[in-house]
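Colleague: Numbering (UniProt numbering), first residue to last: 1 to 276. All residues carry an ideal CB built from backbone N, CA and C; glycine is no exception. Take this structure first; my questions come after.
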């Protein structure tokens, strides 16, 4: 198998999958196979207690034998014996069944990506056999989703943020010091009104569709009354956009700003007006 694997999702519901081996490697792989609805058969001389306790599998505590892959769509060789794993891969090749070899990944015809699920997404990462690298990238993507650095495309229904205003402080200058909630709301913005003190690194992370308004370029902006900036935010929010006012430091606590921004749409259908 070449290093440039073809990443694909398999629909395994009702299809036979054979896992040879019942140790800790198989224990990690089995839950996702079970969740996929596959007809999972595990063949192993012995199995961990967790594997033995799993529902949704057919467990045979015996040696692997040639012919065990009959009728399978997918196979995993996950024993602690390289010769057995080699034999499983050989049978899979002869039957044209894709097979993962856990001990020597490049000897198999399939590779298991470092993966996770989030908000209806299934994310997988391959790094040419560099498992630690793929796991690190997988973890970084998951953290970015959880903290709002990136967001799932196309929010639907009640999860979509519509017509609201958030006042967010970008922190003392280092973009890493913005609050988790602030970063998440910023990632959901349709419009961002920023001043010269807002961390530019945070603006650089915004998707291309986000409208960024420089407060200094609004008429009378650099020394303008807060009311003029508020009017712009209210206008966009009433048009259905989620607006973020991004400032350096902590957000304004001015009573005037609060009064004027309170004219923006209030939370009715997950439409936030908040100070972060």
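(1) State buried or exposed for residue 121, treating a residue as buried only when at least 16 other CB atoms are found within 10 Å of its CB.
(2) Where does residue 51 fall in DSSP's three states?
(3) Quick check: the Cα distance between residue 179 and residue 67, rounded to an integer number of angstroms?
(4) Would residue 44 and residue 22 qualify as a contact pair, given that the criterion is a beta-carbon distance under 7 Å?
(5) Determine the direct distance from the alpha carbon of residue 193 to that of residue 19, and round the result to whole angstroms.
(6) Less than 8 Å between the CB atoms is what I'm expecting for residue 127 and residue 141, so what's the real figure, rounded?
(7) With a 10 Å radius around its C-beta and 16 neighbouring C-beta atoms as the bar for buried, classify residue 157 as buried or exposed.
(8) By DSSP's criteria, residue 40 is part of a beta bridge. Which residues make up the other side?
(9) For the beta strand (DSSP E) that residue 243 lies in, which residues bound it at each end?
(10) Could you have a look at residue 121 and say whether DSSP puts it in helix, strand or coil?
(11) Identify the residues that DSSP records as bridge partners of residue 195: which are they?
(12) I need the straight-line Cα distance from residue 260 to residue 34, nearest angstrom please.
(13) What's the C-alpha gap between residue 96 and residue 75?
(14) Hey, residue 92 and residue 69: beta-carbon distance below 7 Å or not?
(15) Just how far apart, CA to CA, sit residue 61 and residue 101?
(16) Would you mind working out which of 131, 124, 125, 86 sits nearest residue 109, comparing C-alpha positions?
(17) Quick check on the burial criterion: 16 or more other C-beta atoms within 10 angstroms. Buried or exposed for residue 64?
(18) Exposed or buried, which one is residue 7 when buried takes at least 16 other CB atoms within 10 Å?
(19) Have a look at residue 236 and residue 28 and give me their C-alpha separation to the nearest angstrom.
(20) Between residue 115 and the rest of its own chain, which residues show a CB-CB distance below 8 Å, the 5 nearest in sequence each way excluded?
(21) I'd like the list of long-range same chain contacts for residue 254, defined as Cβ closer than 7 Å, with 5 residues on each side in sequence excluded.
(22) Run the proximity test for residue 123: is its beta-carbon closer than 6 Å to any non-hydrogen atom belonging to the ligand ADP?
(23) Could you check the C-alpha separation between residue 191 and residue 111 for me, to the nearest Å?
(24) So for residue 174, helix, strand or coil by DSSP?
(25) In angstroms, rounded to a whole number, what distance separates the CA positions of residue 174 and residue 200?
(26) Closest to residue 46 by CA distance: which of 30, 143, 59 is it?
(27) Look at residue 25 and residue 77 and say whether their C-beta atoms are less than 7 Å apart.
Modeller: If we stick to the structure as given:
(1) Along the chain shown, read from residue 1 onward, the residue named residue 121 stands at position 121. Counting Cβ neighbours within 10 Å, residue 121 comes out exposed, since fewer than 16 surround it.
(2) Numbered from its first residue, the chain shown carries residue 51 at position 51. It is helical.
(3) One-based indexing of the chain shown puts residue 179 at position 179. One-based indexing of the chain shown puts residue 67 at position 67. Taking the straight line from one Cα to the other gives about 57 Å.
(4) Here residue 44 refers to the residue found at position 44 of the chain shown. Here residue 22 refers to the residue found at position 22 of the chain shown. Yes, they are a contact pair.
(5) Along the chain shown, read from residue 1 onward, the residue named residue 19 stands at position 19. Along the chain shown, read from residue 1 onward, the residue named residue 193 stands at position 193. Using only the alpha carbons, I get a separation of about 54 Å.
(6) Here residue 127 refers to the residue found at position 127 when the chain shown is read from its first residue. Here residue 141 refers to the residue found at position 141 when the chain shown is read from its first residue. Not a contact, Cβ separation roughly 13 Å.
(7) On the chain shown, residue 157 is found 157 positions in, with the first residue counted as 1. In this prediction, residue 157 has a pLDDT of 39, which is less than 50 and means its spatial position is unreliable; what the coordinates show is noted afterwards. Exposed, because fewer than 16 other Cβ atoms sit within 10 Å of the Cβ of residue 157.
(8) Start at 1 with the first residue of the chain shown, and residue 40 comes out as number 40. In DSSP, residue 40 forms a bridge with 17, 57.
(9) Mapped onto the chain shown, residue 243 falls at position 243. 242 to 247 is the extent of the beta strand (DSSP E) around residue 243.
(10) Indexing the chain shown from 1 puts residue 121 at position 121. It is a strand residue.
(11) As a first step, residue 195 is located in the chain shown; it is residue number 195 there, counting from the start. Answer is none; residue 195 lacks a bridge partner.
(12) Locating residue 260 in the chain shown gives position 260, where the first residue counts as 1. Locating residue 34 in the chain shown gives position 34, where the first residue counts as 1. Residue placement at residue 260 cannot be trusted, given a pLDDT of 49 that sits under 50; the coordinates are not used to answer.
(13) Along the chain shown, read from residue 1 onward, the residue named residue 96 stands at position 96. Along the chain shown, read from residue 1 onward, the residue named residue 75 stands at position 75. C-alpha separation (whole angstroms): 11 Å.
(14) The residue labelled residue 92 in the question sits at position 92 within the chain shown. The residue labelled residue 69 in the question sits at position 69 within the chain shown. Taking 7 Å as the Cβ cut-off, residue 92 and residue 69 qualify as a contacting pair.
(15) In the chain shown, residue 61 corresponds to position 61, counting from 1. In the chain shown, residue 101 corresponds to position 101, counting from 1. Computed Cα separation, rounded: 20 Å.
(16) For the purposes of this step, residue 109 is identified with residue 109 of the chain shown, where counting begins at 1. Checked all of 131, 124, 125, 86; the closest Cα to residue 109 is 86.
(17) Within the chain shown, numbered from 1, the residue matching residue 64 stands at position 64. Residue 64 should be labelled buried.
(18) On the chain shown, residue 7 is found 7 positions in, with the first residue counted as 1. So residue 7 counts as exposed.
(19) Numbered from its first residue, the chain shown carries residue 236 at position 236. Numbered from its first residue, the chain shown carries residue 28 at position 28. Cα to Cα, residue 236 sits roughly 48 Å from residue 28.
(20) Here residue 115 refers to the residue found at position 115 of the chain shown. Same-chain partners within the cutoff: 32, 122, 123, 124, 125, 138.
(21) Residue mapping note: residue 254 aligns to position 254 of the chain shown, counting from 1. Note that residue 254 has pLDDT 47, beneath the 50 cutoff, so the model's placement of it is unreliable and the number below is only indicative. Cβ neighbours of residue 254 beyond the five flanking positions: 226.
(22) Only the bare structure without any ligand can be found here, which leaves the ligand ADP out of the picture.
(23) Here residue 191 corresponds to residue number 191 of the chain shown, with the count starting at 1. Here residue 111 corresponds to residue number 111 of the chain shown, with the count starting at 1. In a straight line, the C-alpha of residue 191 is about 42 Å away from that of residue 111.
(24) Numbered from its first residue, the chain shown carries residue 174 at position 174. Residue state, collapsed to three classes: coil.
(25) Sequence index remark: in the chain shown, residue 174 carries index 174 (1-based). Sequence index remark: in the chain shown, residue 200 carries index 200 (1-based). When rounded, the distance between both Cα atoms is 10 Å.
(26) On the chain shown, position 46 is the one that residue 46 refers to. The shortest Cα separation from residue 46 among 30, 143, 59 belongs to 59.
(27) Residue mapping note: residue 25 aligns to position 25 of the chain shown, counting from 1. Residue mapping note: residue 77 aligns to position 77 of the chain shown, counting from 1. No, they are not a contact pair.
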